[in-house]
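> Just dropping this structure here.
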Amino acid sequence: MLEAVLKPGGDAATALYIVAFSLFIIGVKRGTHPTTAKQGNLIAAGGMAIAVITTLLLDGIGNWGLIVLGLGIGSAIGVIASVRVQMTEMPQMVALYNGVGGGAVALIAWSEIRHGISLGEEIPLDELIPVLFAGVIGSVSFWGSNIAFAKLQDLIPTRPLAVPGQQVINAVLLIGIVAACVDIALNNGDPSQGLFIAILVAAALLGNLVVLPIGGADMPVVISLLNAFTGLSAAAAGFALDNVALIVAGTLVGSSGTILTMEMATAMNRSVGNILFAGFGGAPAGGGGGSNEDRPHTAIGAQDAAIKLAYADSVTIVPGYGLAVAQAQHAIKEVADELEKRGVTVNYAIHPVAGRMPGHMNVLLAEADVPYEQLKEMEEINPEMPRTDVAVVVGANDVTNPAAKNDPDSPIAGMPIIEVNEAQQVIVIKRSLSPGFAGIDNDLFYEPNTSMLFADAKQAAADIASEIGNL
Amino acid sequence: MSLFTEITIFVLAVFVGFEVISKVPTTLHTPLMSQTNAIHGIVMLGGLIVVGFANDGLEYVIGTIAIAFGTINVVGGFMVTDRMLGMFSRKPKPKAGADGKGGS
Chain S
63 MLEAVLKPGG DAATALYIVA FSLFIIGVKR GTHPTTAKQG NLIAAGGMAI AVITTLLLDG
123 IGNWGLIVLG LGIGSAIGVI ASVRVQMTEM PQMVALYNGV GGGAVALIAW SEIRHGISLG
183 EEIPLDELIP VLFAGVIGSV SFWGSNIAFA KLQDLIPTRP LAVPGQQVIN AVLLIGIVAA
243 CVDIALNNGD PSQGLFIAIL VAAALLGNLV VLPIGGADMP VVISLLNAFT GLSAAAAGFA
303 LDNVALIVAG TLVGSSGTIL TMEMATAMNR SVGNILFAGF GGAPAGGGGG SNEDRPHTAI
363 GAQDAAIKLA YADSVTIVPG YGLAVAQAQH AIKEVADELE KRGVTVNYAI HPVAGRMPGH
423 MNVLLAEADV PYEQLKEMEE INPEMPRTDV AVVVGANDVT NPAAKNDPDS PIAGMPIIEV
483 NEAQQVIVIK RSLSPGFAGI DNDLFYEPNT SMLFADAKQA AADIASEIGN L
Chain P
16 MSLFTEITIF VLAVFVGFEV ISKVPTTLHT PLMSQTNAIH GIVMLGGLIV VGFANDGLEY
76 VIGTIAIAFG TINVVGGFMV TDRMLGMFSR KPKPKAGADG KGGS
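Taken in sequence, the protein lines are chains S and P.
Count along the first sequence from 1, then add 62; that gives the number in the working numbering.
Count along the second sequence from 1, then add 15; that gives the number in the working numbering.
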């Protein structure tokens, strides 16, 4: 059966790889349009199947027991994890998948170095340099993604964690890594494996230290950036292994991921460099937040909220991560249904980075069958705000903070916000007055036309829906 | 493949990546990130090759873990993306009982 094995680098194998990477490009292209995105994902998956089968048929591929073991374990974990994950946990899931991808690259690089050493021959530089690059970036990506996962999963504090002398330590690590890489490259006849492992460890530390100080609000951009990094490291592995499918697919992810990262950062009015090196970590976290419980605010109950909403002409719902955490999307949809029965116009204002990832809210609301036409982007809804009777903020915080517009000293100054403070009345459904992900107090809560409804978002929405029904 | 052939491919692929992504609606940022994330799982091919040519115990272990990691990346990545996009493809149901407000 395996009589007709493909020669590595031979015509047949290369032709199949070309088909595979063409499907990746078509898949990503289709992924940028709402109507073709699902099809695009399947096309890319088809390309992957072709690439994997081609590789399995290559001459010299062996140790089938181990291959089946690796494929089996990986598939089982991948299937179970992606079927069981909640829509709300999608961002950390992507971070985790990205991490294992980076980990695989680092392991392959290590294996290539060992293999080269055991052969006792000089490793050509055009193979050694990509291997070093793949090892370093793969390791940074693996550990950085794990930290991003841990932050989003609340395993470690989401607020910026700064280590004293952070920038100096990072610089020293980076210089050390580069120096060690140069040393290995100069001794390519007999490179030191111990030094290579030290490089992997230093890169791991660097990955931890770069992501730890970044506040949770910036995490989507960081995950996207690490995604692009992993792509580049996969391309480097492709250079080392002379594999054209790896080179094209990895590079495609690297460059498209970079553009995507920049689009996300632009949506937050921040630069990628600013996020990585200054971050919200540069500002005193929760500055002035200590006494926020004392500031005057208006608290109301579900019944009052129901009355305000039922007698409005237009209501705009502003969802945030709190909605995701409370799984309140269905309950909110019920409120909207009750209001529409009474002839109230209901819209949803979607901030580009509401939640933990761009598009996070769209996914959740689509799950609750909210019609696509009711989801309004920020630019579209802000001019409508002064004509909105009631804006309901559900579990959103930083993306509605007027300080971003009014206070040039605020850590989030300049970030575009949903201007709910322009609406006639604002109802904020939130568990407490505590600051949001960025760790800063929200002046919106203390405005005279703002009412606070302190409750779990799901419970509050269910109560409001039934109160409106009783009116 | 010569080094310069590979560099040519690399540079062209960089430009393809830049061109393919332009003005993506915010809604699709997450699924698209997730899809490209799955594509870099192609490093599992590297794991397959490494295991094929491994010649000591530790290399077998490293290679097998690399295959497993890469497979998680690929399988999980594509499936999760499909789940996310599945939520958009559901057609908005015509609003039964909503009276008269449907216009424009």
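Beta carbons are placed, not taken as given, at the ideal position from N, Cα and C, and that holds for glycine.
None of these values were measured; they are calculated from a predicted model.
Measuring straight from C-alpha to C-alpha, what distance separates S:Pro433 and S:Glu439?
14 Å
> What would DSSP say about S:Asn409, mapped onto helix, strand or coil?
Strand.
> Alpha carbon to alpha carbon, how far is S:Ile526 from S:Thr378?
Inter-residue distance for S:Ile526 and S:Thr378 is about 15 Å (C-alpha atoms, whole angstroms).
> Give a single yes or no on whether S:Gly102 has its beta carbon closer than 8 Å to a heavy atom of the ligand MG.
For the ligand MG, the structure offers nothing, since it holds no ligand at all.
> Can you tell me whether S:Thr97 is buried or exposed, with buried defined as 16 or more other CB within 10 angstroms of its CB?
S:Thr97 is exposed by the Cβ-count criterion.
> Applying the criterion that 16 or more other CB atoms from any shown protein chain within 10 Å of the CB defines a buried residue, is S:Asn536 buried or exposed?
Residue coverage of chain S in this structure runs from 63 to 533, which leaves residue 536 of chain S outside it and unanswerable.
> For P:Leu100 and S:Ala466, what's the separation of their Cα atoms in angstroms?
32 Å
> Checking the sheet assignment: what are the DSSP bridge partners for P:Ser17?
DSSP output for P:Ser17 lists no bridge partner at all.
> So S:Leu68 packs on S:Leu120, CB below 8 Å; how close in whole Å?
5 Å
> Out of S:Leu187, S:Ala168 and S:Ile337, state which residue places its alpha-carbon closest to the alpha-carbon of S:Phe258.
The shortest C-alpha separation from S:Phe258 is found at S:Ala168.
> I want to verify the contact list: residues of chain S whose CB lies under 8 Å from the CB of P:Gly72, in sequence order.
Those do not exist, as P:Gly72 stays about 11 Å from chain S at its closest Cβ, beyond 8 Å.
> Within 10 angstroms of the Cβ of S:Asp503, are there 16 or more other Cβ atoms? Answer buried if so, exposed if not.
buried
> Going by CA-CA distance only, name the one from S:Ile239, S:Asn424 and S:Tyr373 that's closest to S:Gly405.
S:Tyr373
> Using a C-beta to C-beta distance shorter than 7 Å, which residues of chain S count as neighbours of P:Thr23?
Neighbours of P:Thr23 on chain S: none; closest Cβ ~10 Å, over 7 Å.
> Under the DSSP definition of a beta bridge, which residues are partnered with S:Gln487?
DSSP lists S:Val452 as partners of S:Gln487.
> With C-beta atoms as the reference, is S:Ala107 less than 9 Å away from P:Phe93?
yes
> As a quick exercise: from S:Leu271, S:Gly384 and S:Pro414, pick the residue whose alpha carbon is nearest that of S:Asn232.
S:Leu271
> Where does S:Ala361 sit, in a helix, a strand or coil, going by DSSP?
strand
> Please report the distance separating the alpha-carbon of S:Ala99 from that of S:Arg92.
5 Å
> For S:Ser144, go through chain P and note every residue whose CB falls closer than 7 Å to its CB, in chain order.
Gly91, Met94, Val95 and Arg98
> Please determine, among S:Thr462, S:Ile285, S:Gln521 and S:Pro275, the residue with the shortest C-alpha to C-alpha distance to S:Gln5.
Any question about residue 5 of chain S goes unanswered here, given that chain S covers just 63 to 533.
> Between the Cα of S:Ala75 and the Cα atoms of S:Ala138, S:Ala307 and S:Pro253, which residue gives the shortest distance?
Of S:Ala138, S:Ala307 and S:Pro253, the residue nearest in Cα terms is S:Ala307.
> Evaluate contact between the region 475-485 of chain S and the region 436-454 of chain S, counting only Cβ atoms and requiring at least three cross-stretch pairs below 8 Å.
yes
> Less than 7 Å between C-beta atoms, sequence neighbours within five positions excluded: which residues of the same chain meet that for S:Asp375?
Val406, Thr407 and Asp451
> Any beta carbon from chain P within less than 9 Å of S:Thr462's own beta carbon?
At a cut-off of 9 Å between C-beta atoms, S:Thr462 does not count as an interface residue with respect to chain P.
> Considering Cα atoms alone, identify which of S:Pro448, S:Thr462 and S:Val90 is closest to S:Val380.
S:Thr462
> Please state the DSSP three-state secondary structure of S:Lys492.
If DSSP states are grouped into helix, strand and coil, S:Lys492 belongs with the strands.
> Alpha carbon to alpha carbon, how far is S:Gly421 from S:Ala224?
29 Å
> Along the chain, where does the alpha helix (DSSP H) containing S:Glu441 start, and where does it finish?
Met440 to Ile443
> Beta-carbon of S:Arg332 versus every beta-carbon of chain P: anything under 9 Å?
Judged by the 9 Å Cβ criterion, S:Arg332 is not in contact with chain P.
> Are the beta-carbon atoms belonging to S:Val193 and S:Ile179 less than 9 Å from one another?
Remark: C-beta atoms of S:Val193 and S:Ile179 do not approach each other more closely than 9 Å.
> Considering only DSSP beta bridges, list what S:Asn513 is partnered with.
One detail in the question is off: residue 513 of chain S reads as Ser in this sequence, not Asn. Paired residue(s): S:Thr360 and S:Ile489.
> Work out the CA separation of S:Gln436 and P:Val58 for me, nearest whole Å.
41 Å
> Which value, in whole angstroms, describes the spacing of the CA atoms of S:Leu287 and S:Ser472?
25 Å
> Report all residues from its chain with a CB closer than 7 Å to the CB of P:Leu18; omit the five preceding and five following residues, and keep chain order.
none
> For S:Val315, I'd like the list of residues in its chain whose CB is within less than 6 Å of its CB, leaving aside the five on either flank, ordered along the chain.
Gly293
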